[in-house]
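*Asks:* Before we start, here is the structure in question, set down as structure tokens.
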Amino acid sequence: MIRLALFASGSGSNVENIYNYFSNNTNFIISKVYCNNANAGVLERCKRLNLKSLVFKRHEFFESSLVLKDLIETSDVIVLAGFLWKIPENIIQVFSDKIINIHPALLPKYGGKGMYGMNVHKTVKENNDAETGITIHFVNEKYDDGAIIFQEKTSLKPSDSIEEIAQKVHELEYKYYPKIIEQTFS
Ligand code: GRF
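Have a look at this one:
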């Protein structure tokens, strides 16, 4: 059984989607949700789904081995699903090539520090791009920089609002992320 740790900072719609996809899977199990924001919506979802969670502060994540020790005990693979901090070196080393992320754009476009959530879709809109999409990639010590595993595009209309762009991207995330996780780590 491959134990998936899910990392999230916000609403957690991808966490819930991944949980649902693997709920009857005999090869994968969600071990725990790791979160850096005590007020994040994802923690409500954990309560409702009866999912274990660990909330940690910045110094606990970057200046202690508290999270790494917990991960070593609970999980085999780390799945970032809307997690906004860089992964520290100690976790990267222990879980090398076992950390995956989804970015709501076609990297290398619109990646890097500060490019997350609506910031990405706002920039895509400002640039009048005719398409956007998702990128699923391995995680290294930089933002949005690891080897790309999968990309999928969606076309945009000039009349699409930022919210409509976000919705189109979310649909791709929900459709593909769980499948790519399963393919990558089976
Ligand atoms: C998603 O758009 C994902 O691509 C990005 O962060 C967002 C998380 O949304 N990494 P949610 O918290 O899963 O709803």
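Residues 67 to 252 (this note's numbering) make up the sequence shown, in order. For each residue, glycine too, the CB sits at the ideal point set by N, CA and C.
How should ARG111 be labelled, buried or exposed, when 16 other C-beta atoms within 10 angstroms of its C-beta is the threshold for buried?
*Replies:* When all chains shown are included, ARG111 counts as buried.
*Asks:* When you compare the CB positions of LEU115 and TYR100, do they come within less than 9 Å of one another, or not?
*Replies:* Contact: no.
*Asks:* In chain order, which continuous runs of the alpha helix (DSSP H) of length 4 or greater are located wholly inside the region 88-125?
*Replies:* Those alpha helix (DSSP H) runs which fall completely within the region 88-125 and span 4+ residues are 107-115.
*Asks:* Less than 9 Å between the C-beta atoms of PHE122 and LEU132, yes or no?
*Replies:* In contact: PHE122 and LEU132 (Cβ atoms closer than 9 Å).
*Asks:* Of all the options ILE215, SER227, GLN233, PRO224, which has the alpha carbon lying nearest to the alpha carbon of LYS245?
*Replies:* With distances taken between Cα atoms, LYS245 lies closest to ILE215.
*Asks:* Within 8 Å: the Cβ of GLY177 and any heavy atom of the ligand GRF?
*Replies:* No, Cβ of GLY177 sits at least 8 Å from all heavy atoms of the ligand GRF.
*Asks:* Alpha carbons only, please: which of VAL205, TRP151, ALA147, LYS191 is nearest the one belonging to GLN159?
*Replies:* Selected option, being the one with the closest Cα: VAL205.
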